[in-house]
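Contents: one structure, followed by commentary.
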Amino acid sequence: MRSANASKARLLSARPGRIPSVGMTVESIGPGIEETGDVAAVAARLARATLADLDAVTDRLVAEILSENPDYYEAALVSEPDLRTSCRSNIERVLQLLGECVTEGEDPYDAAKRTGRRRAEQRVALDLVLRSFRLGGRVVWSSALDAARRESDVEPEMLLDVATSIWTVVDAVSSSVADSYRRTELEMLRADEQRRRVLIDELLRGAGEDPAFADEALRTLGLSTEGAYAVVAAEDGQGSIGLLEPEEALACHGLHSVWQTRSGALIGIVAIGDRSVEEVAAALGRKIRAKVGVSPAVPRCAGIPQARELALVALRTIPPGVVRTVSLDDYLPQALLARSPDLADRLVDRTLGPVLALPQGERELLLTTLATWLDADCSAKATAGRLYCHRNTVLNRLSRIESLLGPVHGAQRCVWLSLALQARTLRSA
1 MRSANASKAR LLSARPGRIP SVGMTVESIG PGIEETGDVA AVAARLARAT
51 LADLDAVTDR LVAEILSENP DYYEAALVSE PDLRTSCRSN IERVLQLLGE
101 CVTEGEDPYD AAKRTGRRRA EQRVALDLVL RSFRLGGRVV WSSALDAARR
151 ESDVEPEMLL DVATSIWTVV DAVSSSVADS YRRTELEMLR ADEQRRRVLI
201 DELLRGAGED PAFADEALRT LGLSTEGAYA VVAAEDGQGS IGLLEPEEAL
251 ACHGLHSVWQ TRSGALIGIV AIGDRSVEEV AAALGRKIRA KVGVSPAVPR
301 CAGIPQAREL ALVALRTIPP GVVRTVSLDD YLPQALLARS PDLADRLVDR
351 TLGPVLALPQ GERELLLTTL ATWLDADCSA KATAGRLYCH RNTVLNRLSR
401 IESLLGPVHG AQRCVWLSLA LQARTLRSA
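Letter 399 of the sequence shown, counting from 1, is numbered 399 in the UniProt record's numbering, and no numbers are missing.
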């Protein structure tokens, strides 16, 4: 008898923090926990006795959290009344699960789910939340020991099994908290991403003309509200985006940006401040996988829609199959043609029509010779060197071109021919 009493005394004075979790899953436990009848009855009796002292147990848990998990409260995200309400409702549910007295039709994990959702919305770190629940398990176990001390017929050997029951329930409740937290966190991430997409879309549509909206949108997106902006447009390349990780590439050079896919192109808004668009193009560097156009800088957020259009125009100045980054200001003649496709088509037909009507072999030979001659400052000798043929061959081809198109010499005529050749290249793009 003395040995049994000593054993009971040791158990009743045990430090509750030393009781381990058994790690069971939510699905394996609940109001109908499978255990021997005697243990279940003792656990239920102790739980109901503790329920009668719920307010005092809640006070103990709040004090434990404020003492041993201060970051939870000091983060200023959870008020003390909120903390107390959460502690009370969760302790009550744990004790009801142990006491098998959850009201029929109620979700035994509703308090845990509410806590998980609310703490996720408050952006309290999940590890802090779970630590508070472990502290809650310790307080429940300690309170159960207090209840056992007041009982005269609790066998010491049963207390270890009761402890296992307590920590099994606490584990299940903690799992429910974590599941609810993660689901809510995912919902919030999706909502944040949707909001970012809407803000980017509105800036590209011109909502930045409203200073209040522009300020809110830029701050939300992490872009500077001061300085200039540029827009980058990247074409889909063989079914994949034409830029790899552009936001990270620009961030490495101190340039902040946001990106969104629109109508088959990846569009980025870049806050360049007092930097140049050439720096943007250089920062993208080896990340390009297709055609990329960069707009001129615009001084205010309101100019972003125009910058987007100009970035797309810059994109269209790049010949098909060419992987390159183009700044609009470096290709303004081509941009004029790309911006007015109907006029560009008419320029091609009016200027090059008779040559275009020739069989493909002769047509391409004459057009290549003409383009090379214009690029070589109208030098037959330089053209021959580039085409690996005799100077007289070049002159004969030019004579053939003149018979079809008229004179090819003269500044104005060269402008016409050069623009027509570039327009034809853009038309094929």
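Just so you know, even glycine gets a beta-carbon here, dropped at the ideal spot from N, CA and C. Computed from a prediction, not measured in an experiment: that's the story for all the values here.
Notebook entry, point to check: R88 to T261, Cα distance in whole Å?
Noted result: 48 angstroms
Note to self: For A311, tell me which candidate among V298, G321, V322 has the shortest Cα-Cα distance.
What the structure shows: V298
Notebook entry, point to check: So is T103 in contact with chain C if we call contact Cβ pairs under 8 angstroms?
Noted result: In summary, chain C is missing from the structure at hand, where a single protein chain is found.
Next item on the list: Measure from the alpha carbon of D342 to the alpha carbon of each residue in R424, L284, G105, D55, then state which is nearest.
Entry: R424
Checklist line | Of the listed residues S263, S176, V313, nearest to D107 (C-alpha basis) | finding: S176
Next item on the list: Just mark T220 as buried or exposed, buried being the case when its beta carbon has 16 or more other beta carbons within 10 Å.
Entry: exposed
Next item on the list: Ignore the nearest five residues each way along the sequence and tell me which others in L255's own chain have a CB closer than 8 angstroms to its CB.
Entry: V270, A271, I272, R275, E279, V280, A283
Notebook entry, point to check: Buried or exposed: where does Q412 fall if 16 or more other Cβ atoms within 10 Å of its Cβ makes it buried?
Noted result: exposed
Item checked: Beta-bridge pairing of Q260 - partner residues as DSSP gives them -> I267
Check: Are the beta-carbon atoms belonging to L223 and A234 less than 8 angstroms from one another?
Finding: no
Check: Counting Cβ pairs, one atom from each stretch, are 3 or more of them under 8 angstroms apart for the stretch 42 to 62 and the stretch 85 to 105?
Finding: yes
Notebook entry, point to check: With DSSP run on the structure shown, which of helix, strand or coil describes S327?
Noted result: strand
Check: Thinking just about the alpha-carbon of each residue, which of L126, C301, A147 is nearest to the one in A212?
Finding: C301
Next item on the list: Compare the Cα-Cα distances from T325 to each of T317, A357, V292, R397 and report the closest residue.
Entry: V292
Margin query: From the DSSP secondary-structure annotation, give me the bridge partner or partners of Y109.
Written below: None; Y109 has no bridge partner.
Note to self: Between V124, A47, Q96, which has its C-alpha nearest D71's C-alpha?
What the structure shows: V124
Checklist line | Three-state class that DSSP yields for G254 in the structure shown | finding: coil
Note to self: By DSSP's criteria, I288 is part of a beta bridge. Which residues make up the other side?
What the structure shows: L243
Next item on the list: Count the other C-beta atoms from every protein chain shown that fall within 10 angstroms of the C-beta of Q194, then say buried if there are 16 or more, exposed otherwise.
Entry: exposed
Item checked: Limits of the unbroken beta strand (DSSP E) element including Y388 -> Careful: Y388 lies outside any beta strand (DSSP E) and carries neither H nor E.
Checklist line | Run of the beta strand (DSSP E) containing A234, from where it starts to where it stops | finding: 228 to 235
Next item on the list: In the DSSP assignment, find the unbroken alpha helix (DSSP H) run with P211 in it and report its ends.
Entry: 211 to 221
Next item on the list: Using three-state DSSP, classify V298 as helix, strand or coil.
Entry: strand
Next item on the list: Using beta-carbon positions only, say whether K113 and S180 come within less than 8 angstroms of one another.
Entry: yes
Item checked: Candidates A43, T50, S340, of which the one nearest V154 by Cα -> A43
Item checked: Collapsed DSSP secondary structure at G321 in the structure displayed -> coil
Check: Which residues does DSSP pair with G293 in a beta bridge?
Finding: A233, V326
Notebook entry, point to check: Any idea what DSSP makes of G410, helix, strand or coil?
Noted result: coil
Notebook entry, point to check: When the Cα of T164 is compared with those of E151, R183, A178, A144, which residue comes out closest?
Noted result: A144
Note to self: Can you tell me whether T383 is buried or exposed? The criterion is at least 16 other CB atoms within 10 Å of its CB, across all chains shown.
What the structure shows: buried
Notebook entry, point to check: Which residue comes first and which comes last in the alpha helix (DSSP H) that contains D82?
Noted result: 80 to 99
Check: Taking DSSP as the reference, what is the three-state secondary structure of residue 440?
Finding: Since the displayed the chain opens at 1 and closes at 429, residue 440 lies outside it and no answer follows.
Check: Taking Cβ positions, are S174 and L130 nearer each other than 8 angstroms?
Finding: yes
Check: Are the Cβ atoms of V94 and V170 separated by less than 8 angstroms?
Finding: yes
Next item on the list: Taking E185 as the reference, give the member of A357, R119, E80 with the closest Cα.
Entry: R119
Check: Rounded C-beta distance between V232 and G268? I'm assuming under 8 angstroms.
Finding: 4 angstroms
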